[in-house]
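Structure, as structure tokens:
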Amino acid sequence: MLKPTLRNRAVSQSVLSQAARSLSTSEASLKTGADEALSKPEKIKYFKVYRWDPEQNQKPYLSTYPVDLNDCGPMILDALIKIKNEQDPTLTFRRSCREGICGSCAMNINGANTLACLAYIEDDTAKATKIYPLPHMYVVKDLVPDMGNFYEQYRSIEPWLQPKEEKEEGQAEFLQTKEDRAKLDGMYECILCACCSTSCPSYWWNADKYLGPAVLMQAYRWIEDSRDGSTAKRLAELDDAFKLYRCHTIMNCTKVCPKHLNPGKAIAQIKKKLAH
Numbered sequence: 137m138l139k140p141t142l143r144n145r146a147v148s149q150s151v152l153s154q155a156a157r158s159l160s161t162s163e164a165s166l167k168t169g170a171d172e173a174l175s176k177p178e179k180i181k182y183f184k185v186y187r188w189d190p191e192q193n194q195k196p197y198l199s200t201y202p203v204d205l206n207d208c209g210p211m212i213l214d215a216l217i218k219i220k221n222e223q224d225p226t227l228t229f230r231r232s233c234r235e236g237i238c239g240s241c242a243m244n245i246n247g248a249n250t251l252a253c254l255a256y257i258e259d260d261t262a263k264a265t266k267i268y269p270l271p272h273m274y275v276v277k278d279l280v281p282d283m284g285n286f287y288e289q290y291r292s293i294e295p296w297l298q299p300k301e302e303k304e305e306g307q308a309e310f311l312q313t314k315e316d317r318a319k320l321d322g323m324y325e326c327i328l329c330a331c332c333s334t335s336c337p338s339y340w341w342n343a344d345k346y347l348g349p350a351v352l353m354q355a356y357r358w359i360e361d362s363r364d365g366s367t368a369k370r371l372a373e374l375d376d377a378f379k380l381y382r383c384h385t386i387m388n389c390t391k392v393c394p395k396h397l398n399p400g401k402a403i404a405q406i407k408k409k410l411a412h
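Going by my numbering, the sequence shown opens with residue 137, and the numbers climb by one from there.
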């Protein structure tokens, strides 16, 4: 009984020694990285950020913030978080996942709608990066747009499955073929960030009536779903001069989509179905 105990103790000591060596190596690497960061000359990039506070009796303005790119992550969102943490805690913006999944950090960066977490900071320090909220939407504060109208339009298309018939006893899911499932690709990935809708001139001028690219693509997602039983009803509700036909195929929506989807194509497919 003594030998196994001694052997186990020796193994434990060996593991602890390896762990200690690994920890020492990690600490040395961190120290080296920190020393290198300190030794580099500052690489200052300026960010001009839209500011507006409804509680202050002041018109919107741009604030300029210097950021050392050698001490900042590579994305625009990294710079905004650094500004908020180290320079101006009153700066307000939405963010959540930092992975291009939630759509919270949608904003207008250097004139184009995109997600701050997916937009790289330009290396050119001679040119300031300009950041605005999504265009042609009411602003709650700073970079936070009011998404109320957008979500209400999304609700209006009833974005949930409306099956042809009730489930039978013991039925788990509504099944569909692989081919039918493939028809939903390029639509279900939409994260409702509103980058496409707020880049569309038709939506700028008719946001109260025109549903916009994002909502129309989601409407087509349910129209194309083989499990849904309300296709005719969905098409009839979209057959409207403003809801659908304000789209003039400008294609700004497809150009700016951070998920590389094609809302313009989905809208064209809806029009095609209504024409037939």
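By construction, the Cβ of each residue, glycine as well, lies at the ideal position given by its N, Cα and C atoms.
All figures in this text were calculated on a predicted structure; none of them were measured in a lab.
| Query | Result |
| --- | --- |
| Chain-order list of residues whose beta-carbon lies under 6 Å from that of Tyr-290 (same chain, five-residue window excluded) | Val-351 |
| For Phe-310 and Glu-304, the rounded distance between their alpha carbons | 10 Å |
| Residue span of the beta strand (DSSP E) that contains Asp-204, given as start and end | 197-204 |
| Nearest residue (CA-CA) to Asp-364, options Asp-224, Lys-300, Leu-347 and Asn-246 | Lys-300 |
| Where Asp-364 falls: helix, strand or coil (DSSP) | strand |
| Status (buried if at least 16 other CB within 10 Å, exposed otherwise) for Ile-403 | buried |
| Separation of Tyr-256 from Tyr-182, as counted between CA atoms | 14 Å |
| Chain-order list of residues whose beta-carbon lies under 8 Å from that of Gly-236 (same chain, five-residue window excluded) | Leu-251, Cys-253, Leu-254, Ile-327, Pro-394 and Lys-395 |
| Distance, Ile-359 Cα to Ala-248 Cα | 30 Å |
| Three-pair Cβ contact test at 8 Å for the region 384-391 versus the region 330-343 | yes |
| Alpha-carbon to alpha-carbon, Lys-179 and Leu-347 | 44 Å |
| Status (buried if at least 16 other CB within 10 Å, exposed otherwise) for Asp-278 | buried |
| Own chain residues within Cβ distance below 8 Å of Gln-192, not counting five before or after | none |
| Buried versus exposed, by CB contacts within 10 Å (16 or more), Ala-343 | buried |
| Neighbourhood of Gln-405 by C-beta, 7 Å cutoff - its chain only, sequence neighbours within 5 removed | Tyr-356 |
| For Ile-257, three-class secondary structure by DSSP | coil |
| Anticipated Cβ contact below 8 Å, Ile-219 with Tyr-197, distance rounded | Actually they are not in contact, since the Cβ atoms of Ile-219 and Tyr-197 sit about 16 Å apart, beyond 8 Å. |
| Residue environment, Ala-242, which counts as buried when at least 16 other CB atoms sit within 10 Å | buried |
| For Asn-244, the three-state DSSP class (helix, strand or coil) | strand |
| DSSP state of Tyr-324 mapped onto helix, strand, coil | coil |
| C-beta atoms of Thr-228 and Val-280 nearer than 7 Å | yes |
| 7 Å Cβ cutoff met for Lys-184 and Lys-266 | yes |
| Asn-244 vs Pro-271 beta-carbon contact at 7 Å | yes |
| Beta-carbon gap between Leu-410 and Asp-376 smaller than 7 Å | no |
| As assigned by DSSP and simplified to three states, the class of Met-472 | With the chain covering 137 to 412 only, the question about residue 472 has no answer from this structure. |
| Nearest candidate by alpha-carbon position, reference His-384, set Asp-361, Cys-336 and Gly-209 | Cys-336 |
| DSSP bridge partner residues for Leu-251 (one or two, in chain order) | Ala-242 |
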